[in-house]
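Below is one structure, written out as structure tokens; the observations come after it.
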Amino acid sequence: MITSKRHELLLQFIEKNKMVSIHDIVELFTISSVTARRDVEFLEKNTGNVKRIRGGAVWQDSTSSNEGRENASTKYLNNRFIEQSRKQSHEKGMIAKKAATLIQNNESIMMDAGSTIFQLAKCLSPQLSATVFITAMNIAEELEHYEKITKIVLGGVFRSKATTMVSSMMEQLISSVYVDKLFIASTGLSFSHGFTCNDILEADVKKQLLKSAKEVFWLVDSSKIGAISSFQISDFDPTHTIVIDDRIIDKDLEKLEKRMKVIIAKELE
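Residue numbering for the sequence shown is 3 to 271, as defined by the working numbering.
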């Protein structure tokens, strides 16, 4: 139910324009970007027509919500990231929720790129007080309204197809940082090749990230076990921890537990 006059006007504004940015909303209503995002979130939860996207909102007719989602992904994100996000989305959500419980107030953390890490950003408590080093633009924007989090984006060359930042300059920046906890992702996990990914530049960044944290947490869903991507990030390290969903089969779990620490994200948690 829409009870606020501003929410009612915003709903009409989005319907008229079909796609609006947070900047558009800020200028129209003379409000902060934080308030604009909260208004969009409110409309998304309380109407069937507003869809929050990176950087703004889109209007969705009840008969064409999928079309609106695709249009949004084309302009604000990209097909590669959207498609990756849809794979094992439930399992990724379970992993993200579990990983969020590992972060304590006043810690410094590093967040790698990837759809599961993006879900982690969405699961952080609004009351969390921390310093977060970020390597992906979509995660930086997701954390924009977290007022108690100090956000530091490690700049480099922005790659829109993956929403990531890469370059030798970025690797130098990472080498000057040391954090309490790193949350990192991979596209492949095999017992013969360890953790792997599909991009050589991203692999280089991830390797540097691994040197910059006291504790390392791999967020990997069980569907990736057995997959070998083109470039190795790391072999198994007994000091590292993997957070994985409870769909993992017993045989694979036994193998993992011999190589590193394992945390299982369960359905009811």
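Just so it is clear, CB atoms sit at the ideal spot from N, CA and C, and this is done for glycine as well. Small disclaimer: the values here were computed from a predicted structure and weren't measured.
Item                                                                                                 : Value
Meets three-Cβ-pair contact criterion under 8 Å: the segment 240 to 248 and the segment 108 to 117   : no
Per-residue DSSP class, three states only, for aspartate 201                                         : coil
Between the CA atoms of phenylalanine 44 and tyrosine 180 - distance to the nearest angstrom         : 37 Å
Methionine 112 - containing beta strand (DSSP E), residue span                                       : 110 to 113
Assumed close pair valine 218, isoleucine 246 - CB separation to whole angstroms, cut-off 8 Å        : Valine 218 to isoleucine 246, Cβ: 14 Å. No contact.
Sequence ranges, alpha helix (DSSP H) only - wholly within the segment 121 to 150, length at least 4 : 139 to 144
Per DSSP, cross-strand counterpart(s) of serine 236                                                  : Phe197
Same chain, Cβ closer than 8 Å to isoleucine 105, neighbours up to 5 away in sequence not counted    : Ile111, Leu126, Leu130, Ala132 and Lys183
Among Gly57, Met113 and Val28, the one whose alpha carbon lies nearest that of alanine 38            : Val28
Collapsed DSSP secondary structure at lysine 153 in the structure displayed                          : strand
Reference asparagine 200; option with closest CA among Lys209, Asn48, Glu146 and Ser231              : Ser231
Contact under 8 Å by Cβ, threonine 198 with glutamine 234                                            : yes
Proximity to phenylalanine 272 [Cα-Cα], best of Glu109, Pro128 and Glu259                            : The structure shown has nothing for residue 272, since the chain only spans 3 to 271.
Whole-Å CB distance - glutamine 210 paired with serine 177, under 8 Å assumed                        : 6 Å
Assigned exposure category for isoleucine 251 - 16 Cβ within 10 Å defines buried                     : exposed
Beta-bridge pairing of serine 23 - partner residues as DSSP gives them                               : Gly58
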